[in-house]
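Take the sequence shown: its position 67, counting from 1, is numbered 300 in the numbering used here, and each next residue is one higher. Let me begin by presenting the structure, written as structure tokens, before commenting on it.
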Amino acid sequence: MTIAVGEKLPEVTLMQLTDKGPAPVKTSELFGGKKVVVFALPGAFTPTCSNQHLPGFIEKAADIKAKGVDTIACLSVNDAFVMGAWGKQQGAGDAVLMLGDGNGDAGGISGHRPDKSSYARTYLKGGPSMTIAVGEKLPEVTLMQLTDKGPAPVKTSELFGGKKVVVFALPGAFTPTCSNQHLPGFIEKAADIKAKGVDTIACLSVNDAFVMGAWGKQQGAGDAVLMLGDGNGDFAAKTGLDFDGSGFGMGRRSQRYSMIVEDGVVKQLNVEPNPGEAKVSGADTILSQL
Numbered sequence: 234m235t236i237a238v239g240e241k242l243p244e245v246t247l248m249q250l251t252d253k254g255p256a257p258v259k260t261s262e263l264f265g266g267k268k269v270v271v272f273a274l275p276g277a278f279t280p281t282c283s284n285q286h287l288p289g290f291i292e293k294a295a296d297i298k299a300k301g302v303d304t305i306a307c308l309s310v311n312d313a314f315v316m317g318a319w320g321k322q323q324g325a326g327d328a329v330l331m332l333g334d335g336n337g338d339a340g341g342i343s344g345h346r347p348d349k350s351s352y353a354r355t356y357l358k359g360g361p362s363m364t365i366a367v368g369e370k371l372p373e374v375t376l377m378q379l380t381d382k383g384p385a386p387v388k389t390s391e392l393f394g395g396k397k398v399v400v401f402a403l404p405g406a407f408t409p410t411c412s413n414q415h416l417p418g419f420i421e422k423a424a425d426i427k428a429k430g431v432d433t434i435a436c437l438s439v440n441d442a443f444v445m446g447a448w449g450k451q452q453g454a455g456d457a458v459l460m461l462g463d464g465n466g467d468f469a470a471k472t473g474l475d476f477d478g479s480g481f482g483m484g485r486r487s488q489r490y491s492m493i494v495e496d497g498v499v500k501q502l503n504v505e506p507n508p509g510e511a512k513v514s515g516a517d518t519i520l521s522q523l
């Protein structure tokens, strides 16, 4: 049931991006002995949240705190990296505390609790099915792309059918290794890769289309790399290339890998043994395999 006025909020660990990286914020510490205003929203970088909800609280922050409020907190089922990047873009500063509920644990407030039975695995342990292998056909899944008209579905059958495609997947938009190595490497080498007969280079992550679009814009992906959101984690799960990132407040995520796909069939698969690196799965490796 949805929490009611007069009831105590549940004990949940949220995540905040700090100068040293994501840091846990327990609700007991956030709310204990304080007067706090919390506003939650469907997702970072989404239109209404970006144009109305968050800006409204930033604008009125001083007036709200003048009423005796200690903290104004913005909450969304995004990870700390995304919330930090969005807060920086919006100029939240010290006015609004940007908190990620990446595992959806605070969903108990609204009456929605995610089923995390499928999250019980760790990086490189594999998903509910065996990891896809070279020579196998990729599953039919609908991904999402941000367009000028909003999020648009991209079926894997259309993405891969009759084409030669390079796919690289990563744990999360705006995360350090993904932002400093993995995506920039493919943007830099995009022309060289496409000169080898590749039709499309696609970047895939368990983030929604709005986040992937914002990250791609920040990174200058342009037409070089197609930014695709696997927001429900269906592609990661069905290929057996997902892992449990709930210990970092990120929920179920994709492993870091790259692959060469021809007409929907995996021809090369490079799974990164260390998620903090982008060498085995990087653009140079793909170039050597084409």
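C-beta: ideal position from N, C-alpha, C; glycine also.
In the structure shown, asparagine 311 adopts coil according to DSSP, grouped into three states. For leucine 392, the three-state secondary structure derived from DSSP is helix. Annotation for cysteine 282: Leu274 place their beta carbon closer than 6 Å to its own, counting only its chain and skipping 5 residues before and after.
In this structure, the CA atom of proline 508 is about 11 Å from the CA atom of glycine 405.
Per DSSP, reduced to three states, the secondary structure at lysine 259 is strand. Rounded to the nearest whole angstrom, the CA to CA distance from alanine 325 to glycine 239 is 30 Å.
Rounded to whole angstroms, phenylalanine 401 and glycine 289 show a C-alpha spacing of 37 Å. Annotated as distal: leucine 287 and glutamine 249, with beta-carbon spacing of 9 Å or more. Look at serine 412 here: in three-state DSSP terms it is helix. Each residue's CA atom was taken as its position, placing glycine 337 and leucine 403 some 20 Å apart.
Setting aside the 5 residues that flank it on each side, lysine 268 is surrounded in the same chain by Gly301, Val302 and Asp303, each with a C-beta closer than 6 Å to its C-beta; the list follows chain order.
Distance check between lysine 397 and each of Lys427, Met377 and Pro409 places Lys427 closest, using alpha-carbon atoms only.
By the beta-carbon neighbour count (other beta carbons within 10 angstroms, threshold 16), valine 499 is buried. Beta-bridge annotation (DSSP): phenylalanine 476 is paired with Arg486.
Listed in chain order, the non-local C-beta contacts of threonine 389 below 8 Å within the same chain comprise Leu371, Pro372, Glu373, Val374, Thr375, Leu376, Phe468 and Gly497, local neighbours out to five positions each way being set aside. With fewer than 16 other Cβ atoms from the protein chains shown falling within 10 Å of its own Cβ, alanine 256 counts as exposed. Cβ atoms of valine 258 and leucine 332 come within 8 Å of each other, at about 6 Å. Residue environment for glycine 446: buried (at least 16 other C-beta atoms within 10 angstroms of its C-beta).
Each residue's CA atom was taken as its position, placing glycine 383 and lysine 450 some 15 Å apart. With fewer than 16 other Cβ atoms inside 10 Å of its own Cβ, threonine 235 counts as exposed. Around the CB of asparagine 413, fewer than 16 other CB atoms lie within 10 Å, so the residue is classed as exposed.
Between the alpha carbons of phenylalanine 314 and leucine 474 lies a gap of roughly 21 Å. Distance between alanine 339 and valine 513, taken at the CA atoms: about 36 Å.
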